[in-house]
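Scroll down for the structure; my scribbles are underneath it.
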Amino acid sequence: MAMRKVVVVGSGIAGLVAAVELASAGLEVVVLDKEPAPGGKLRQIGVGGARIDAGPTVFTMRFVFDAVFAAAGTTLEQHLKLIPSEILARHAWDSPVTLDLFADIRRSADAIGTFAGAAEARGYLAFCARSAKIYNTLKGPFITSQQPGSAFNLARRVGLLQPNELLGMSPFATMWKGLSDHFRDPRLLQLFGRYATYCGSSPWLAPATLMLVAHVEQDGVWMVEGGMHQIARAFEALAVSKGAVFRYDSEVAEIVVEQGRAAGVKLAGGERIDADAVVFNGDAAALAGGLLGRSAKGAVAPPDGARSLSAVTWTMAARTQGFPLLRHNVFFGGNYPSEFEDIFRKKRLPGDPTIYLCAQDRGDVAEAIDGPERMLILANAPAVGDAVKFDAAAIASVQAATFERMRRCGLELEQTSENTVITTPTEWNKLFPATGGALYGRATHGSMSPFRRPASRSKIPGLYLAGGSAHPGPGVPMAAMSGRLAAASIIERRRS
Numbered sequence: 060m061a062m063r064k065v066v067v068v069g070s071g072i073a074g075l076v077a078a079v080e081l082a083s084a085g086l087e088v089v090v091l092d093k094e095p096a097p098g099g100k101l102r103q104i105g106v107g108g109a110r111i112d113a114g115p116t117v118f119t120m121r122f123v124f125d126a127v128f129a130a131a132g133t134t135l136e137q138h139l140k141l142i143p144s145e146i147l148a149r150h151a152w153d154s155p156v157t158l159d160l161f162a163d164i165r166r167s168a169d170a171i172g173t174f175a176g177a178a179e180a181r182g183y184l185a186f187c188a189r190s191a192k193i194y195n196t197l198k199g200p201f202i203t204s205q206q207p208g209s210a211f212n213l214a215r216r217v218g219l220l221q222p223n224e225l226l227g228m229s230p231f232a233t234m235w236k237g238l239s240d241h242f243r244d245p246r247l248l249q250l251f252g253r254y255a256t257y258c259g260s261s262p263w264l265a266p267a268t269l270m271l272v273a274h275v276e277q278d279g280v281w282m283v284e285g286g287m288h289q290i291a292r293a294f295e296a297l298a299v300s301k302g303a304v305f306r307y308d309s310e311v312a313e314i315v316v317e318q319g320r321a322a323g324v325k326l327a328g329g330e331r332i333d334a335d336a337v338v339f340n341g342d343a344a345a346l347a348g349g350l351l352g353r354s355a356k357g358a359v360a361p362p363d364g365a366r367s368l369s370a371v372t373w374t375m376a377a378r379t380q381g382f383p384l385l386r387h388n389v390f391f392g393g394n395y396p397s398e399f400e401d402i403f404r405k406k407r408l409p410g411d412p413t414i415y416l417c418a419q420d421r422g423d424v425a426e427a428i429d430g431p432e433r434m435l436i437l438a439n440a441p442a443v444g445d446a447v448k449f450d451a452a453a454i455a456s457v458q459a460a461t462f463e464r465m466r467r468c469g470l471e472l473e474q475t476s477e478n479t480v481i482t483t484p485t486e487w488n489k490l491f492p493a494t495g496g497a498l499y500g501r502a503t504h505g506s507m508s509p510f511r512r513p514a515s516r517s518k519i520p521g522l523y524l525a526g527g528s529a530h531p532g533p534g535v536p537m538a539a540m541s542g543r544l545a546a547a548s549i550i551e552r553r554r555s
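Numbering of the sequence shown is given in our numbering, commencing with residue 60 and proceeding in unit increments.
Below is the structure:
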């Protein structure tokens, strides 16, 4: 059977990248999404007359996106304007002292030395070297390649290329233990332990290999002119220029499986769209749970392991004063272990959350802004949005704890119901069904967890997976890579 037409279900970054690559290869591509605009989690919402990014806020691993644009015969610069960040984030505790991390490792080491002493600065430099080594070891054999299938297969790949690097990755140690090899100051353990949350995980349960996230940031962080949603718009426009068709407000009710292979989709309104292949850019749990039809349930194994983090977010257009905000700011809670105990074991909203605030009208310089500014504020939460609807009292309690934490660090916000949109695990689950509101697929807990993510080729011929719940994992660049891997699998099948 000739490969001619592909349906992409979902226009998150993975679906968009897959659409660009498939259309560039000459395939007929139709992208379907139940939402009115592209982006998935790369969404913008209107608050107080402003458009505000209400999902991912950090652009990293630029080489992934450069490669997609290059394969389509263009360059990233022709479609997006990126501004490099000199300061990765500003970090605050209860005291008036703050700690900035810089794109320049030496500047960060100097800042850490002033903040916590020369021994911690030396520990930071050793940590940076270790995280870079882990990243460089895994980039080719794992991150940019198809799922190896097992730890043994990955070890064989790595061992053939870099036999001395296997033990250096500390695959059986936890991230917290790995960090303890380098840091003694509890604030620095807290700061670098937070990198586990970039994959929706706990630093006490995630493998030490996730320390590679630090190198990803040190390798470059950019701000996107117009906001992160512009990434989705750029890839949508590129896909359209290559012939892809986008249909929004088009909910897919079923992936059609005939004679043992994917044959198209049925929309909620009853329309059937035939295809030679289907790319599912949604959470794999939705397939396993039968939300895309009984015939597609066997495409992936039922998910095992804990769900990743969800969140309560406040998308705001509000006046601020006091704390010298930069683009990225973190306000640490006073009891870090209790936050993850609340979320992962007790399945409740944390009583003392760590807060992330993206001030979207700011850059690397803390300047006063005269008037309301656009912000996304995030507190981690359990992914129980399909089973528990937190009542108004619970939401009010985590909001009080969140804003009190920022006040204790010196930040005052003029927050009102009119200038704020609150999103809870319940709303996240509605946006991304079968997840409970989990924003990163399954949690990366335990050394074997990276191998439990499904590969781009599902168990049903003709049905391919892309997105943060699939290999190689969550985050905008990793999800984009999953879209490339799905497209590559289809193009390979077409050629063969």
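All C-beta atoms, glycine included, are put in the ideal place defined by N, C-alpha and C. Quick caveat: nothing in here was measured; it's all calculated off a predicted structure.
Is any heavy atom of the ligand ADP found at a distance shorter than 7 Å from the C-beta of residue i?
| i | result |
| --- | --- |
| R404 | Of the ligands one can find in the structure shown there are none, so the ligand ADP has no counterpart to examine. |
With a CB to CB cut of under 7 Å and the five nearest residues on each side skipped, what residues in its chain are close to residue i?
| i | result |
| --- | --- |
| S144 | A162, V280, W281, M282, R386 and D423 |
| R407 | D401 and P441 |
| P115 | K100, L101, M287 and V535 |
| E284 | K140 and I142 |
| A168 | A180, Y183 and L184 |
| Q474 | M375, A377 and F462 |
| I519 | V316, R320, A321, A355, G357 and A358 |
| A635 | Limits of the chain in this structure are 60 at one end and 555 at the other, which puts residue 635 out of reach. |
| R467 | D153 |
| S83 | A130, A131 and K301 |
Could you tell me if residue i is buried or exposed, where buried requires 16 or more neighbouring beta carbons within 10 angstroms of its beta carbon?
| i | result |
| --- | --- |
| A377 | buried |
| S261 | buried |
| T256 | buried |
| G360 | The amino acid occupying residue 360 in the given sequence is Ala; Gly does not appear at that position. A360 should be labelled exposed. |
| E398 | buried |
| P155 | exposed |
| S555 | exposed |
| T157 | buried |
| D363 | exposed |
| F245 | According to the sequence shown, residue 245 is Pro rather than Phe. Exposed, because fewer than 16 other Cβ atoms sit within 10 Å of the Cβ of P245. |
| T119 | buried |
| S476 | exposed |
| D335 | buried |
| A129 | exposed |
| M62 | buried |
| A365 | buried |
| M507 | exposed |
| A10 | No statement about residue 10 is possible, as the shown extent of the chain runs from 60 to 555 and does not include it. |
| V304 | exposed |
| R512 | buried |
| G328 | exposed |
| G430 | exposed |
| A529 | buried |
Can you find the residues in the same chain that come closer than 6 Å, C-beta to C-beta, to residue i, ignoring five residues on each side of it along the sequence?
| i | result |
| --- | --- |
| Y395 | Q249 |
| A267 | S229, A232, M234 and G237 |
| L135 | F124, D125 and F128 |
| A545 | A77, V338, S515, Y523 and A525 |
| N388 | R149 and L416 |
Within the same chain, show all residues whose beta-carbon is closer than 8 Å to that of residue i, passing over the 5 residues directly before and after it, in chain order.
| i | result |
| --- | --- |
| C258 | A265, L269, V272, S367, Y499, A502, T503, G532, P533 and G534 |
| Q419 | I111, D112, T116, G286, R386, E432, R433, M434 and L435 |
| L350 | P492 and A493 |
| D411 | G392, G393, N394, S397, E398, A460 and R464 |
| Q289 | L139 and V283 |
Give me the Cβ distance between residue i and residue j, rounded to the nearest whole Å; I'm assuming they're in contact under 8 Å.
| i | j | result |
| --- | --- | --- |
| T485 | W373 | Actually they do not touch by this definition, with Cβ atoms about 15 Å apart. |
| I428 | F390 | About 19 Å separates the two Cβ atoms, so there is no contact after all. |
| G469 | D342 | G469 to D342, Cβ: 38 Å. No contact. |
| V88 | F339 | At roughly 14 Å, the Cβ-Cβ gap does not stay under 8 Å, so V88 and F339 are not in contact. |
| E313 | G252 | That pair is no contact at about 42 Å. |
| G444 | T483 | 7 Å |
Legend entry - Within the region 381-468, ranges of the beta strand (DSSP E) (whole runs, at least 3 residues): 387-390, 414-418 and 432-440
Inset, instruction - Assess, as a yes-or-no matter, whether the region 453-467 is touched by the region 491-504 under the definition of 3 or more beta carbon pairs within less than 8 Å. - result: The region 491-504 vs the region 453-467: no contact.
Legend entry - the region 258-277 touching the region 177-195, judged by at least three CB pairs closer than 8 Å: yes
Legend entry - Entirely enclosed beta strand (DSSP E) segments - the region 114-182, minimum 3 residues: 141-143, 146-151 and 157-161
Legend entry - alpha helix (DSSP H) segments (min. 4 residues) lying fully within the region 290-353: Complete alpha helix (DSSP H) runs here, min 4: 343-347.
Legend entry - Complete beta strand (DSSP E) runs within the region 350-377 (minimum length 3 residues, chain order): 369-377
Inset, instruction - Inspect the CB distances between the region 79-96 and the region 308-323 and report whether three or more fall short of 8 Å. - result: Result yes; three or more Cβ-Cβ pairs closer than 8 Å.
Inset, instruction - Note down, one range per segment and in chain order, each alpha helix (DSSP H) of at least 4 residues found wholly within the region 511-539. - result: If we require 4 residues or more, the region 511-539 turns out to have no alpha helix (DSSP H) run fully inside it.
Inset, instruction - Would you be able to state if there are at least three C-beta pairs under 8 Å between the region 193-209 and the region 165-185? - result: no
Legend entry - the region 67-85 touching the region 292-305, judged by at least three CB pairs closer than 8 Å: yes
Inset, instruction - Ignoring anything shorter than 4 residues or poking outside the region 468-506, list the alpha helix (DSSP H) runs there in chain order. - result: 484-490
Inset, instruction - Report yes or no: do three or more beta-carbon pairs, one from the region 324-336 and one from the region 121-136, lie closer than 8 Å? - result: Touching, no.
Inset, instruction - Return the chain-ordered ranges of every beta strand (DSSP E) run that is complete within the region 60-105 and spans a minimum of 3 residues. - result: 64-68 and 87-91
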